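Note sheet for the following structure.
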């Protein structure tokens, strides 16, 4: 039985709780995504790593809640929930929209004196790289066409019109959050950043990915995988291997900050 506040449990999902973990990985889903997207990370990294998958409002068991349409609002709520977690060195992994939310959440943590060990930013250009898109203003068919184009939903869901229609409110809200987000190029975070991209991603160019270098005052490294915007679904083992290397390298590093999250 968890002693965390109920609201925190709504946001922070631990599918395999661990009392022996020496580090935490906070996983942030893509537009229309849910916490269960990161179940392979849980299986591979627990119990050594406390894998916390964030569940946004408006999907799965939170479907009755109004989805949030603003990256800053999402980061505010996630920041609040993470502050109440038991202290461990914390790394973030954000895919697509999740990379932006991770960046903003880290800004809030660092501003409050809670350092972060690392950000893995997947399938997203740097926060200052605004693409001028307005997907959220399209009709239902227009939004669904984008999802099909990016192949961002499991095949059994893509083929089920009823399930896709049920997901539309959260999809539209998430795309609104991404479309309306703005960040100046001079805004930075202090933790190292690893940028992960697919070599056939139509939504993340090399220059957009490289721009992450300007938005951290620490090191920025890059890894390219075979695949598109959702290369992660095909290259799961390779991504997990990268994460395992990261946690192995930092396990005995006395300089690794122990943050409240």
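Numbering (the UniProt record's numbering), first residue to last: 1 to 261.
Beta carbons are placed, not taken as given, at the ideal position from N, Cα and C, and that holds for glycine.
Here the structure is a predicted model, which means the values were calculated and not measured.
task = Could you give the DSSP three-state label for residue 116: helix, strand or coil?
result = coil
request  = Check whether the Cβ atoms of residue 228 and residue 192 lie closer than 8 Å to each other.
outcome  = Going by C-beta atoms, residue 228 is not nearer than 8 Å to residue 192.
ask   = Do the segment 48-68 and the segment 7-17 touch if we need at least three Cβ pairs shorter than 8 Å?
value = Result yes; three or more Cβ-Cβ pairs closer than 8 Å.
query = Under a Cβ-count criterion, where at least 16 other Cβ atoms within 10 Å of its own Cβ denotes burial, should residue 64 be classed as buried or exposed?
reply = exposed
query = Can you tell me whether DSSP reads residue 105 as helix, strand or coil?
reply = helix
query = Do residue 89 and residue 221 have their CB atoms nearer than 8 Å?
reply = no
message = Among 26, 82, 178, whose alpha-carbon lies nearest the alpha-carbon of residue 132?
response = Checked all of 26, 82, 178; the closest Cα to residue 132 is 178.
inquiry  = By DSSP's criteria, residue 223 is part of a beta bridge. Which residues make up the other side?
reply    = 196
message = Which residue wins for smallest C-alpha separation from residue 117, given the options 218, 224, 234, 226?
response = Ranking 218, 224, 234, 226 by CA distance to the CA of residue 117 puts 218 first.
inquiry  = Distance check for residue 17 and residue 257, CA to CA, integer angstroms please.
reply    = With a pLDDT of 46 at residue 257, under the threshold of 50, the modelled position of this residue cannot be trusted; read the value that follows with caution. When rounded, the distance between both Cα atoms is 22 Å.
task = May I ask you to verify whether the segment 138-149 touches the segment 120-128, counting CB pairs closer than 8 Å and requiring at least 3?
result = Touching, no.
task = Reducing DSSP to helix, strand and coil, say where residue 216 ends up.
result = strand
request  = Ignore the nearest five residues each way along the sequence and tell me which others in residue 104's own chain have a CB closer than 7 Å to its CB.
outcome  = 71, 72, 75
query = With a Cβ-Cβ cutoff of 8 Å, do residue 59 and residue 170 count as a contact?
reply = yes
query = How would you call residue 239, buried or exposed, if buried means at least 16 neighbouring beta carbons within 10 angstroms?
reply = It counts as buried.
message = Please list the terminal residues of the continuous alpha helix (DSSP H) segment that includes residue 54.
response = Looking at the DSSP string, residue 54 is not in any alpha helix (DSSP H); the run it does join, the beta strand (DSSP E), is 49-54.
inquiry  = For residue 223, which residues in the same chain have their Cβ closer than 8 Å to its Cβ, ignoring the five residues on either side in sequence?
reply    = 194, 195, 196, 197, 242
query = Can you name, in chain order, every residue of its own chain whose Cβ lies under 7 Å from the Cβ of residue 173, other than the five neighbours on each side?
reply = 58, 67, 68, 69
query = DSSP state of residue 166, grouped into three classes?
reply = helix
Residues of its chain near residue 271, where Cβ-Cβ distance is below 6 Å and the 5 sequence neighbours each way are ignored = There is simply no residue 271 to check, as the chain begins at 1 and stops at 261 in what is shown.
request  = Apply the 10 Å Cβ neighbour rule to residue 97 and answer buried if 16 or more other Cβ atoms are within range, or exposed otherwise.
outcome  = buried
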